[in-house]
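For my numbering, count along the sequence shown from 1 and bump the result up by 78.
Don't be surprised by glycine CBs; every beta carbon is placed ideally from N, CA and C.
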Amino acid sequence: MLGDSNDLAGSIDLEIFGQILEMDDDEEDREFSRAIVYGFLEQAEDAFQNMKKSLCVFLNPSYPSRRRYIHYC
């Protein structure tokens, strides 16, 4: 779960986020900016899943020195 907005200030470029919000036609619905943000979050999730898969390939159990890390995969 996300923290309050003060916690996010260092993680989100608020100027760019504000510009995204300005592109909405309807300030109540925010359909356009919502789609952009959700799309970004989906891409981030995919990127983390791909990194995990790559890490698991790198930590292949056929390498005895790496076997201790397999619980992650």
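Supposed contact pair residue j and residue i - C-beta distance, whole angstroms, cut 8 Å
i: Ser89; j: Leu99; result: Not confirmed; about 17 Å, so no contact.
Top-ranked residue by Cα proximity to residue i, from the options
i: Leu92; options: Val115, Ala125, Glu109; result: Val115
Enumerated in chain order, which unbroken segments of the alpha helix (DSSP H) with a length of 4 residues or greater are wholly contained in the segment 81 to 131?
-> 83 to 86, 92 to 100
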